[in-house]
Amino acid sequence: MTGHTAGEDHAAAALGTLPLPYRRDEACPFDPDPRLRRLQDEEPISRVRINSGDIWLVTRFADGRRVLGDRRFSSQLTPLGIVLPEARDASLAAELQNQQPGTFIECDPPEHTRLRAMVAGEFSPSRMRRLSPRVEAIVDRLLSDMEAAGPPVDLISAFALPFPSTVIRELLGVPDGHGFDFAALTKVMTDVMTPVEDLIPTRDALRAGMRALVKANRNAPGDNALGRIIRAHGPDVTDEELVGIGNLLLVAGHETTANMLGIGTLALLRHPEQLRRLREDPWIVDRAVDELVRYVSIPNHGEIRTALQDVRVGGTLIRRGEQVLVALPIANRDPARFRDPDTLDLTRTPQAHLAYGYGLHYCVGVPLARMEMRIAFPALLRRFPTLRLAVPFDDIAYRRSNVTYGVHQLPVTW
Numbered sequence: 010m011t012g013h014t015a016g017e018d019h020a021a022a023a024l025g026t027l028p029l030p031y032r033r034d035e036a037c038p039f040d041p042d043p044r045l046r047r048l049q050d051e052e053p054i055s056r057v058r059i060n061s062g063d064i065w066l067v068t069r070f071a072d073g074r075r076v077l078g079d080r081r082f083s084s085q086l087t088p089l090g091i092v093l094p095e096a097r098d099a100s101l102a103a104e105l106q107n108q109q110p111g112t113f114i115e116c117d118p119p120e121h122t123r124l125r126a127m128v129a130g131e132f133s134p135s136r137m138r139r140l141s142p143r144v145e146a147i148v149d150r151l152l153s154d155m156e157a158a159g160p161p162v163d164l165i166s167a168f169a170l171p172f173p174s175t176v177i178r179e180l181l182g183v184p185d186g187h188g189f190d191f192a193a194l195t196k197v198m199t200d201v202m203t204p205v206e207d208l209i210p211t212r213d214a215l216r217a218g219m220r221a222l223v224k225a226n227r228n229a230p231g232d233n234a235l236g237r238i239i240r241a242h243g244p245d246v247t248d249e250e251l252v253g254i255g256n257l258l259l260v261a262g263h264e265t266t267a268n269m270l271g272i273g274t275l276a277l278l279r280h281p282e283q284l285r286r287l288r289e290d291p292w293i294v295d296r297a298v299d300e301l302v303r304y305v306s307i308p309n310h311g312e313i314r315t316a317l318q319d320v321r322v323g324g325t326l327i328r329r330g331e332q333v334l335v336a337l338p339i340a341n342r343d344p345a346r347f348r349d350p351d352t353l354d355l356t357r358t359p360q361a362h363l364a365y366g367y368g369l370h371y372c373v374g375v376p377l378a379r380m381e382m383r384i385a386f387p388a389l390l391r392r393f394p395t396l397r398l399a400v401p402f403d404d405i406a407y408r409r410s411n412v413t414y415g416v417h418q419l420p421v422t423w
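Residues in the sequence shown are numbered from 10 upward in steps of one, following the numbering used here.
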């Protein structure tokens with residue numbers, strides 16, 4: 010089937026303020042909305058309505074991988090903010106489309122290829138090996154501070170957020186006392202319920218903060234990612250491109266890992282037998298991290314592409330100019346790809362998923378995110394072997410309207 014069905018209209022109408030891809034199961038906050046499962050079973054490529062109009066929603070793994078890996082689907086031509094609430098002022102909505110040069114996840118080749126190549130070396134195996142001791146030291150310091158403060162503590166504000174924020178701050182050379190509160194700005198930028206009227210000044214503040222860093226490094230390149238890119242590429246990269254590159258790394262480099270550490274810890278606490286396995290056998294940490302990432306799939310809506318020409322996917326014809334949204338959380342629960350997909354199994358045989366994307370836009374920062382989680386989860390469980398929630402599970406508040414899923418706070422004790 011390729012038409013827009015009455016069932017889909019009913020499902021979309023029942024969503025309230027959030028489009029379908031953002032919804033999670035009310036009974037189990039780690040699971041996608043059951044309506045996504047029904048679409049996966051009955052109409053895996055379906056036409057659904059979101060705030061800005063109709064879009065193709067892809068819910069099966071194979072179809073999602075096909076779209077993300079096919080160069081006939083464009084990132085560059087996809088309107089920015091397509092899943093955001095509509096602006097009350099049309100001029101503000103138009104201003105939101107003002108793309109920042111250097112934001113390579115919004116580019117197609119050859120521009121994407123050129124910009125990504127400038128960044129890739131920052132996440133090479135050799136760079137990660139050199140960075141690992143510093144990451145371990147940051148984890149140890151934060152856990153010591155947490156231990157000294159005594160329970161209960163909010164794991165998000167005490168550990169999950171400051172840990173990757175410190176790592177990416179040092180990687181990009183953001184000096185202490187710079188006054189660039191990128192974490193607070195990111196929180197506003199990544200909430201789809203933030204009015205466009207508030208998004209624009211927040212976006213501008215992020216750009217202004219990064220422009221100051223770019224200017225400083227252009228004058229005297231430091232021993233940081235911006236400085237290394239400037240030394241290597243000099244006049245081949247503009248200051249505004251560096252602003253886009255820097256803010257992309259800054260936002261993605263802490264927001265995703267912070268949310269994953271928070272809700273990943275909650276998933277472990279909710280599955281004590283899996284937590285025990287990881288605590289008693291840290292050698293499974295690589296598999297454990299990969300499984301947690303698949304199971305939770307924090308990219309809340311997924312990835313959007315625009316068809317450059319008519320393309321048939323899974324028997325459905327996607328017309329030139331139409332948008333396609335690959336719903337990553339449900340694609341990573343596809344039973345055709347994963348055995349017992351709704352089960353958290355930290356010993357699961359590694360199998361590629363889509364939580365980091367696929368193809369040209371596979372997340373460039375995956376080596377850093379994996380290293381951070383491989384260090385952080387075991388260290389947390391070693392330091393606090395009796396770690397547990399300090400509030401009832403049902404009292405946890407989730408970042409349901411966020412681009413990256415997570416929890417607002419995670420009160421824990423030990």
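For glycine and all other residues, C-beta sits at the position ideal for the given N, C-alpha and C.
message: Considering only DSSP beta bridges, list what G62 is partnered with.
response: Here the question's residue 62 lines up with position 53 in the sequence shown. DSSP output for G62 lists I59 as bridge partner(s).
- Using only alpha-carbon positions, find the residue among R56, R33, A36 and R46 that is nearest to T325. The residue labelled residue 325 in the question sits at position 316 within the sequence shown. Residue R56 is the option with its Cα nearest to T325.
- Query: How would you write the range of the beta strand (DSSP E) that I313 sits in, first residue to last?
  - Reply: Residue mapping note: residue 313 aligns to position 304 of the sequence shown, counting from 1. Looking at the DSSP string, the run of the beta strand (DSSP E) that includes I313 is E312 to A316.
| N256 - DSSP class collapsed to helix/strand/coil | Position 247 of the sequence shown holds residue 256. If DSSP states are grouped into helix, strand and coil, N256 belongs with the helices.
### Outcome for P281 when other beta-carbon atoms lying within 10 angstroms are tallied against a minimum of 16
Sequence index remark: in the sequence shown, residue 281 carries index 272 (1-based). Residue environment: P281 is assigned as exposed (fewer than 16 neighbouring CB atoms within 10 Å of its CB, all protein chains considered).
Does the Cβ of T11 have 16 or more other Cβ atoms within 10 Å, making it buried, or fewer, making it exposed?
Reading the sequence shown from its first residue, position 2 is the one you call residue 11. Its pLDDT being 39, under 50, T11 is placed unreliably by the model, and the measurement read from it follows with that caveat. Under this definition T11 is an exposed residue.
If you scan the region 326 to 414 from start to end, which runs of the beta strand (DSSP E) of 3 or more residues do you find wholly inside it? You should have 332 to 335.
Review point. Can you tell which of D207, K196, R69 and G262 has the C-alpha that lies nearest to the C-alpha of V412?
Key: Along the sequence shown, one-based indexing puts residue 412 at 403. Comparing C-alpha distances from V412 to each of D207, K196, R69 and G262 shows the shortest one belongs to K196.
Among E115, P210 and P53, whose alpha-carbon lies nearest the alpha-carbon of L86?
Within the sequence shown, the letter at position 77 stands for residue 86. When the alpha-carbon of L86 is set against those of E115, P210 and P53, the nearest one is in E115.
- Return the first residue and the last residue of the alpha helix (DSSP H) that T211 is part of. Locating residue 211 in the sequence shown gives position 202, where the first residue counts as 1. In the DSSP annotation of this structure, the continuous segment of the alpha helix (DSSP H) that includes T211 starts and ends at V205 to N228.
ask   = Is I307 helix, strand or coil when you go by DSSP?
value = Position 298 of the sequence shown holds residue 307. Coil.
ask   = Got a sec? Which residues, its chain only, sit under 6 Å from Q109 by beta carbon, not counting five neighbours each side?
value = For this step, residue 109 is matched to residue 100 along the sequence shown. Same-chain partners within the cutoff: G253.
Just checking my contact of V322 with D42 at CB under 8 Å: how many whole Å lie between their CB atoms? Looking up residue 322 in the sequence shown gives position 313. Looking up residue 42 in the sequence shown gives position 33. That belief does not hold up - the Cβ atoms of V322 and D42 are roughly 22 Å apart, past 8 Å.
Simplified DSSP assignment, three categories, for D163: On the sequence shown, residue 163 is found 154 positions in, with the first residue counted as 1. Collapsing the DSSP output to three states places D163 in a strand.
Pair within 8 Å by beta-carbon distance, L194 and A214: By one-based count along the sequence shown, residue 194 stands at place 185. By one-based count along the sequence shown, residue 214 stands at place 205. For L194 and A214, yes; Cβs fall inside 8 Å.
| query | Between P230 and G188, what straight-line distance do the alpha-carbon atoms span, to the nearest angstrom? | reply | For the purposes of this step, residue 230 is taken as the residue at position 221 of the sequence shown. For the purposes of this step, residue 188 is taken as the residue at position 179 of the sequence shown. Distance between the alpha carbons of P230 and G188 is about 20 Å.
**Study point:** Exposure of P308, with buried meaning 16 or more beta-carbon neighbours within 10 Å
**Key:** To locate residue 308, count along the sequence shown from 1; it is residue 299. For P308, the number of other beta carbons within 10 angstroms of its own is at least 16, and it is reported as buried.
Taking only heavy atoms of the ligand FMN into account, decide whether any of them is closer than 7 Å to the Cβ of H263. Of the ligands one can find in the structure shown there are none, so the ligand FMN has no counterpart to examine.
- the region 136 to 149 contacting the region 395 to 409, beta-carbon criterion three pairs below 8 Å: Three or more Cβ pairs closer than 8 Å define a contact, and the region 136 to 149 falls short of that threshold against the region 395 to 409.
**Asked** Can you name, in chain order, every residue of its own chain whose Cβ lies under 8 Å from the Cβ of P53, other than the five neighbours on each side?
**Response** Here residue 53 corresponds to residue number 44 of the sequence shown, with the count starting at 1. These residues qualify, in order along the chain: V67, T68, R69, D72 and G323.
Q.
With H, G and I counted as helix, E and B as strand and the rest as coil, what does DSSP make of V421?
A. If you number the sequence shown from 1, residue 421 lands on position 412. Strand at V421.
Cα-Cα separation between R392 and L152, rounded to whole angstroms: Reading the sequence shown from its first residue, position 383 is the one you call residue 392. Reading the sequence shown from its first residue, position 143 is the one you call residue 152. The straight-line gap from Cα to Cα measures roughly 7 Å.
inquiry  = Suppose only complete runs of 4+ residues qualify. What are the alpha helix (DSSP H) ranges in the region 115 to 179, listed by chain order?
reply    = Runs of the alpha helix (DSSP H) inside the region 115 to 179: 120 to 129 and 134 to 158.
**Study point:** Whole-Å CB distance - D351 paired with D40, under 8 Å assumed
**Key:** The residue you call residue 351 lines up with position 342 of the sequence shown. The residue you call residue 40 lines up with position 31 of the sequence shown. With a contact defined as Cβ atoms closer than 8 Å, D351 and D40 qualify at about 6 Å.
*Measure the Cβ-Cβ separation of I339 and V333 and say whether it is below 8 Å.*
What you label residue 339 is simply residue 330 of the sequence shown in a count that begins at 1. What you label residue 333 is simply residue 324 of the sequence shown in a count that begins at 1. Cβ distance not < 8 Å, so I339 and V333 don't count as in contact.
**Message:** Looking at L251: is its Cβ nearer than 8 Å to the Cβ of I238?
**Reply:** Against the sequence shown, residue 251 aligns to sequence position 242. Against the sequence shown, residue 238 aligns to sequence position 229. Contact: yes.
| field | Proximity of S83 and D50 at Cβ, strictly below 8 Å | value | Within the sequence shown, residue 83 is the residue found at index 74, counting from 1. Within the sequence shown, residue 50 is the residue found at index 41, counting from 1. Between S83 and D50, the C-beta gap is not smaller than 8 Å, which leaves the two residues out of contact.
V294 by DSSP, collapsed to three states: which one? Against the sequence shown, residue 294 aligns to sequence position 285. Correct three-state label for V294: helix.
Checklist line | Limits of the unbroken beta strand (DSSP E) element including R321 | finding: Working through the sequence shown from its first residue, we reach residue 321 at position 312. Note, R321: beta strand (DSSP E), V320 to V322.
Notebook entry, point to check: Just the Cα atoms here: how many angstroms apart are L317 and P119?
Noted result: One-based indexing of the sequence shown puts residue 317 at position 308. One-based indexing of the sequence shown puts residue 119 at position 110. Straight-line Cα distance between these residues: approximately 15 Å.
Using 10 angstroms around the beta-carbon of F402, count the other beta-carbons present and answer buried if the total reaches 16, otherwise exposed. Mapped onto the sequence shown, residue 402 falls at position 393. It is exposed - the Cβ of F402 has fewer than 16 other Cβ atoms within 10 Å.
Checklist line | First through last residue of the alpha helix (DSSP H) which encompasses T68 | finding: For the purposes of this step, residue 68 is taken as residue 59 along the sequence shown, with counting starting at 1. Taken as a continuous stretch (DSSP letters only), T68 belongs to no alpha helix (DSSP H), as it is neither H nor E.
Practice prompt. Would you check if the distance between the CB atom of V373 and the CB atom of F132 is smaller than 8 Å?
Written response: Locating residue 373 in the sequence shown gives position 364, where the first residue counts as 1. Locating residue 132 in the sequence shown gives position 123, where the first residue counts as 1. The answer is yes: Cβ separation under 8 Å.
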